[in-house]
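S.K.: Residue numbering for the sequence shown is 5 to 447, as defined by the numbering used here. Virtual Cβ for every residue (Gly too), placed ideally from N, Cα, C. The model shown is predicted, which means the values in this text are computed figures rather than measured ones. Before I ask anything, let me first share the structure, which is written out below as structure tokens.
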Amino acid sequence: MGPSKPTAVSAAAAAFALALGAARPALAEVPVVQYDGWQLSTDGRVNTFLSVAVGNEAKGPEEAAGTGTADTADSTGGLHSSRIRNGFMTSILGFKAQKQVSPRLKVTTRVGLWMNASGSRTKNVSALIDPRELYEKFEGLWGSALLGSDMALFGRGGILVDADIAHDYGLGYPCAIKDSSGGGCGMTAFGAPFPGFDPGLVYATPNLAGLQLSVGLYDPATIGHAQLDRAPLPRVEAELKFEYEKLLRLFGSGFWQVLEGTVTEVSPSGAGREKNLQTNAWGAQAGAMLSIGPIMLGGAAYQGAGFSPTTYIEEGTIAADPAAVLRKSRGAFGLGAVLVDAIHLKLAGGMGVWHLDKTENDSGPQNEMGAPTDPHLIKQNLGITAGAYQTTGPVHFALEYFRAQHTWYDRGVASATDPNVTARIERPTQTVNFINAGATVVW
5 MGPSKPTAVS
15 AAAAAFALAL
25 GAARPALAEV
35 PVVQYDGWQL
45 STDGRVNTFL
55 SVAVGNEAKG
65 PEEAAGTGTA
75 DTADSTGGLH
85 SSRIRNGFMT
95 SILGFKAQKQ
105 VSPRLKVTTR
115 VGLWMNASGS
125 RTKNVSALID
135 PRELYEKFEG
145 LWGSALLGSD
155 MALFGRGGIL
165 VDADIAHDYG
175 LGYPCAIKDS
185 SGGGCGMTAF
195 GAPFPGFDPG
205 LVYATPNLAG
215 LQLSVGLYDP
225 ATIGHAQLDR
235 APLPRVEAEL
245 KFEYEKLLRL
255 FGSGFWQVLE
265 GTVTEVSPSG
275 AGREKNLQTN
285 AWGAQAGAML
295 SIGPIMLGGA
305 AYQGAGFSPT
315 TYIEEGTIAA
325 DPAAVLRKSR
335 GAFGLGAVLV
345 DAIHLKLAGG
355 MGVWHLDKTE
365 NDSGPQNEMG
375 APTDPHLIKQ
385 NLGITAGAYQ
395 TTGPVHFALE
405 YFRAQHTWYD
415 RGVASATDPN
425 VTARIERPTQ
435 TVNFINAGAT
445 VVW
């Protein structure tokens, strides 16, 4: 699950993607050995997908910033591609060791290795192995404390809804085509920000009749592109959730982090002086999931400042403008599924949308003199998903359709006779249709 580092989109695929870890109990744990009170078990999955894409070319150089669906167009300006890759979650090999140290203290450690079937389209280049889950956890009557790397709190509720209803054994949006070194994105980039797997210190209260609060201090992130390259304080995240058996789940989460930097301002006389920058990245998400008989419904909505389409506080040109002002964004998604128990089949579908607001420093389609400009700024992503998921013992088969539509802010097109005159205003778009088919074996 989740977005890889070469691009902003794939960064959410090396994080997203997708990626449930301790936030979501393993479906099965195979005992390995018991010794001196320790219990060692293993769990995991292996999956492989064929993902075929057909659409039109993205708008241009802004692909490098992680917007649109990037790939090389053919001679007609179309996009046709196929990849062999992992699903929403990569292949995973996990090990967990537990010991009841005393009647009031239980210790758990986990190492989860997330592995990719593919990376770039360069032959004979090995894909990555990412130890996303690497933590120790202490539990008692007072609650629990998790120290190490696991799925972060902000956005976790939305990602788990996406997994439970639709893409746990699927793929959804592939995040990227050229670089697929990470899980798929599911509904990430279409209203579901990916939390990432980040080092942190997380305290969770005891479960009180289904109600639980988690608060974490995380290793902070920076946005060097906007000169916001200092983070003096940890990132603070929190999640409040309520679950009533397996029928109802309500959740809300948020994060806040200070970003700082220093830039040199040039005066009209040509003299330079240093200016210190300080701003706050923040986000808030709320959502719900309902399961009644064979029907599953759920979704979430968020808003915040300092986001890319896929995640928050991410390097790239989307989260902040050239003047280091964080851009605001918002998104929402909704999913539904019907379970056909007689043949162990789930039919799921839904849609999501993500929108980015301009700042006062962002240009329009033309300047004050009427000359055309091209802001190279993504405006909105709209995604539609549909899939069939069939389970045969430990094997889960998936066949999916995903439609990704990207829209950029208006740009000016110059006159054929005068480059300083705007002949027309156009709104670039890109639409890519994906067909994903694959299988996942879980133990």
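Checking the sheet assignment: what are the DSSP bridge partners for residue 449?
M.R.: Lying outside 5 to 447, the shown extent of the chain, residue 449 is not represented and no answer is given.
S.K.: Output the boundary residues of the alpha helix (DSSP H) element that contains residue 160.
M.R.: Segment 160-166, the alpha helix (DSSP H) holding residue 160.
S.K.: Just to confirm before moving on: does the CB-CB distance between residue 253 and residue 245 stay below 8 Å?
M.R.: Contact flag set, yes.
S.K.: From the DSSP output, read off the bridge partner residues of residue 191.
M.R.: DSSP lists no partner for residue 191.
S.K.: What are the uninterrupted segments assigned as alpha helix (DSSP H) that are 4 or more residues long and contained completely in the stretch 393-443, given in chain order?
M.R.: List check, alpha helix (DSSP H) in window: nothing returned.
S.K.: For residue 267, collect the residues of the same chain with a Cβ closer than 6 Å to its Cβ; drop the 5 residues on either side in sequence, then sort them by chain order.
M.R.: Result list for residue 267: 231 and 279, in chain order.
S.K.: Count Cβ pairs between the stretch 361-381 and the stretch 421-429 that sit closer than 8 Å; are there 3 or more?
M.R.: Judged by Cβ distances under 8 Å, the stretch 361-381 makes contact with the stretch 421-429, as three or more pairs qualify.
S.K.: Between residue 381 and residue 358, how many whole angstroms is the CB-CB distance? I'm expecting something under 8 Å.
M.R.: Contact flag wrong, Cβ pair sits at about 13 Å.
S.K.: Does the distance from the CB of residue 71 to the CB of residue 59 come in under 8 Å?
M.R.: It is not a contact, given that the beta carbons lie outside the stated cut-off.
S.K.: On the DSSP bridge list, what partners appear for residue 35?
M.R.: Residue 35 pairs with 45.
S.K.: Quick one: any contact between the stretch 211-223 and the stretch 188-196, if contact means 3 or more CB pairs under 8 Å?
M.R.: Contact between the stretch 211-223 and the stretch 188-196 is absent, because fewer than three Cβ pairs lie under 8 Å.
S.K.: Going along the chain, which unbroken runs of the beta strand (DSSP E) with 3 or more residues stay wholly within the stretch 129-161?
M.R.: Whole beta strand (DSSP E) segments, 3+ residues: 133-144 and 147-155.
S.K.: Compute the Euclidean distance between the alpha carbons of residue 343 and residue 156, then round it to the nearest angstrom.
M.R.: Approximately 30 Å, taken between the alpha carbons.
S.K.: Can you give me the Cβ contacts of residue 129 inside the same chain, cut-off strictly under 8 Å, excluding the 5 residues immediately before and after it?
M.R.: If we look at residue 129 and ignore the five residues flanking it on each side, its Cβ neighbours are 123.
S.K.: Which first and last residues belong to the beta strand (DSSP E) in which residue 359 is found?
M.R.: Run containing residue 359: 349-360, per the beta strand (DSSP E) assignment.
S.K.: Please name the residue, chosen from 99, 178, 132 and 86, that lies closest to residue 92 on a Cα-to-Cα basis.
M.R.: Nearest option by C-alpha distance: 178.
S.K.: Residue 59 by DSSP, collapsed to three states: which one?
M.R.: If DSSP states are grouped into helix, strand and coil, residue 59 belongs with the strands.
S.K.: Which full runs of the beta strand (DSSP E) of 3+ residues lie inside the stretch 302-387, going along the chain?
M.R.: Within the stretch 302-387, the complete beta strand (DSSP E) runs of at least 3 residues are 332-344 and 349-360.
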